[in-house]
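Residue numbers (the UniProt record's numbering): 1 to 68.
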């Protein structure tokens, strides 16, 4: 649940062009993922899907930061 909230907030901030706050929420997504993963609460496919979602957010932050 937290993961999805953080992801949505990061997306909203990216749309507004606010890179650093969006990156902060991307890190929160990563942390939420790590907590779920450490608890063994994720299946193999769900784990892969969440990793891709965090990676996609981080890539968007980096591209916006670099002005690409």
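Note that CB positions come from ideal geometry on N, CA and C, so glycine has one too.
Length of the line joining the Cα atoms of residue 59 and residue 28: 15 Å
What is the C-beta distance between residue 13 and residue 22, in whole angstroms, given that I count them as a contact (C-beta under 8 Å)? 4 Å
So, under 8 Å CB-CB, residue 25 and residue 2 are touching, yes? Tell me the CB distance rounded to an integer number of Å. Incorrect: roughly 11 Å between the Cβ atoms, too far for contact.
Near residue 57, what residues of its chain come up, given a Cβ to Cβ distance below 6 Å and the 5 sequence neighbours on each side ignored? 10 and 26
For residue 42 versus residue 50, is the C-beta spacing smaller than 8 Å? yes
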